[in-house]
Every structure is written in C-alpha cells, then in structure tokens.
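A.B. asks: Numbering (the numbering used here), first residue to last: 1125 to 1530.
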C-alpha cells in the first residue's frame, strides 16, 4: 500500500471514530448529594429549664477525664454512685439541724409518747431539712436500724418527700430486709411517678428476691410493667420456695391491674404497646428521662448501659424524647436513642416518623432500621422493604433485610 493510501485510510478511521463518539449517549448526571441531617440539642436547654423550675440540681454528664467516671465507686449489687439529683439542692446544714435529725430518727424507733412526739416533729420538718435528710440517706450516713424506723414513720406521711426518702433507702441501704420494706411502702400507692426510672435502675441491680418483687410491684402501681421479666425469673428459680409463690402472685396482680387475663397476656400487651398511658409527663418525670438521655453521651459505658436500660424500660411516653434525641448533635446519643427504641418494641410507635427520617442519616440509619423492625407497623415494613431493595448504602440494605426477618 502506498504512503498516500495509508494516509487516506488513517483519515477515514479517524473520521469514523469521531462519528461514533458523537453518537455515544451522554453519561447520566450524578445524583445530587443528600442534604446533611439537621442536628439540634434536644434536651440540654430543657434540662436546665426543668431543673430551675423544680429547684433541683441539673445533671452533669461525667467527662472522660473525670476520675469517678473511669473508676466508678460501686454500692449494693453493683449499682454505680450516680451523681446526686434529689428533689432539691440541700443547703449546708448547721450542727443544730444535724443533731435534730439524729435525735428525731433515733426517737422513731421508740414506742409510746416519745415516738408520737417524733412523728409530730417529722411532719413539721421544712423543705431544707427534708432535702438534707434525703441526701444523708443517699450517702449512707444513717444506720439500717434507723432507716427501718424511718420507713414506718414515712408510711404515715404524704407528699413527695415521702417517696424521695423511701426511694433513697431502697437504693442505698446495705440491709436487704430494709430495702424490701422501703420498696413495699412505695408499692402501696401510685403517687410520685417521677420515681419510676430510678426504681427500674434499682431493679436492674437488685440481688435480693424479696426486694425485687416489691420493686416490680411499685413499678406496676405506676402503670409500668418493666419489672414483670424479673418476676418471671424469680418464679422460675426463687431463692426460697415461698418467694416463687409470691412472684407468681405479683404477676397475677399486675395482670389484673392491667386488665389482662394472665401473665402471658400482660407480657404481650406490654411488648406490643397496647398498654398506653394517656397521662402527660409530669415535669419531674420528664427531667428524669432527659437526664438519662443526656447520659447516653457519657464516656463511661456503665453509665450509658444504665441509661439505655432505664429508657427502654419506660412506657410509650418515652418515645417522644427519644425521637427528639435522634437529631442530637452527639452521634452516640443518636445511636443509643435508636437502640432504646428498638428495645421498647411496640411501645416505640410514637417515634415512627422520626425513625423513618433517621434512615437518611448514615450515622444512625442501621440502628433506626433495627428499631423500625421491632415495631409492628405497616408503614415501617413498607419502607424497610424499599430500602432493602434500593438503598444506595450496602450497610443500610443489609440492616433493612435483617430488620424484616421474623
């Protein structure tokens, strides 16, 4: 082939290639990047406002460098020494107040006129004295015998300080019999719903079966059935035979209170969210829940685990603050809030919309999918099925498929 022919062939090939390129369809435009999630602090300002309104200290999340958060001090049954959050911030007492309290508590163990006078003095105590007495109980400064006498006196008293003092005894006393008596007193009425989160945490660590039964009854008296699992365990393997029978009686009592025929019906209704509490959250209970949500950011994982346990043990009203926490600026708060909602199962249905939105947040999407799978809801299943097929993230597709498994 001559040089002229080769040049002509090369030119023809170049023109053909150019024409082919012109006919090649243009690549589809890249999808627009998803908008960054809008985060906002869901509870810090509200905690401060509630603490100011109620006159009690605002909780502090233990920092990483806090020695108490890395080397926690343990008390009865392994429960952590949580930061003090009582009904009020106690003022520094003078020597006369401490002497009055010691004499008063000692006199309660007496009989006859001396005890009658002590009961009258107890009823006359003003708020600062009660605040300090509650803190002293919490610190373990009073002997079990004195606390036992105080329980009998508190049983005859009304008002929030009654529940606060009894709760501190149930949390802190080293003597199981005294803890059981305090829990029994709290189970006799439904007052002061704000104690439910602390009762749930105490039950988590309680090793004495008699006390655990009374704690579960105290929870049920306030329409919280998070203690029925503990009753099941005790009924199956009681420390003493008579405690097994008492656990079964407590289960039957809880079922009747909830309007269910038996323990199986109670378990089902508590799990699927059928047992709704229509009351609004009272401010002190809201503060207790928000301080647990704030604790989800703690460096010490024991605090985090305790907070998750308490929040997951609550009734459906906890779904709203947990839903708000899905948009918290702290990634770990978001993830742990979704985990709490997953553990709540049907009681978390109030957070459904927030969980659906959270599927678009890569930092929490997998946990949100798991929570949606635990809620028996048609919208949740439909969205999970769509994400399992078409989600751009392999992790989310896998999480959605896991959540859809029966």
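Using N, Cα and C, we set each Cβ at its ideal position, and we do this for glycine too.
As the structure is a prediction and not an experimental result, all values here were calculated from the model.
1) One question on the structure: do residue 1355 and residue 1430 come within less than 8 Å of each other, judged by their Cβ atoms?
2) Alpha carbon to alpha carbon, how far is residue 1518 from residue 1344?
3) Which first and last residues belong to the alpha helix (DSSP H) in which residue 1407 is found?
4) Hey, could you find the ends of the alpha helix (DSSP H) residue 1240 is sitting in?
5) The alpha helix (DSSP H) spanning residue 1285 covers which residue range?
6) Considering only the beta carbon of each residue, do residue 1465 and residue 1493 sit closer than 8 Å?
7) What separation, rounded to the nearest whole angstrom, lies between the Cα atoms of residue 1341 and residue 1404?
8) Using alpha carbons as the reference points, say which of 1491, 1350, 1422 lies closest to residue 1440.
9) In the structure shown, what three-state DSSP assignment does residue 1423 receive?
10) Per the contact definition of three or more C-beta pairs closer than 8 Å, is the region 1399–1415 in contact with the region 1309–1322?
11) Is it the case that the Cβ atoms of residue 1563 and residue 1292 are separated by a distance below 8 Å?
12) Where does residue 1197 land, buried or exposed, given buried means 16+ other C-beta within 10 angstroms?
13) Exposed or buried, which one is residue 1334 when buried takes at least 16 other CB atoms within 10 Å?
14) Helix, strand or coil: how does DSSP classify residue 1368 here?
15) Between residue 1511 and residue 1483, is the Cβ-Cβ spacing less than 8 Å?
16) CB residue 1413 to CB residue 1445, shorter than 8 Å?
C.D. replies: Per the coordinate set shown:
1) Residue 1430 is positioned such that its CB atom lies no closer than 8 Å to that of residue 1355.
2) If you take the alpha carbons of residue 1518 and residue 1344, they lie about 43 Å apart.
3) 1407–1419
4) 1237–1247
5) First-last of the alpha helix (DSSP H) with residue 1285: 1284–1296.
6) No, the pair does not count as a contact, with Cβ atoms beyond the cut-off.
7) Distance between the alpha carbons of residue 1341 and residue 1404 is about 22 Å.
8) 1350
9) Three-state result, residue 1423: coil.
10) yes
11) Outside the displayed range of the chain (1125 to 1530) lies residue 1563, so it cannot be described from this structure.
12) Confidence at residue 1197 is low in this model, with a pLDDT of 32, below 50, so the placement of that residue is unreliable and no value is reported for it.
13) buried
14) helix
15) yes
16) yes
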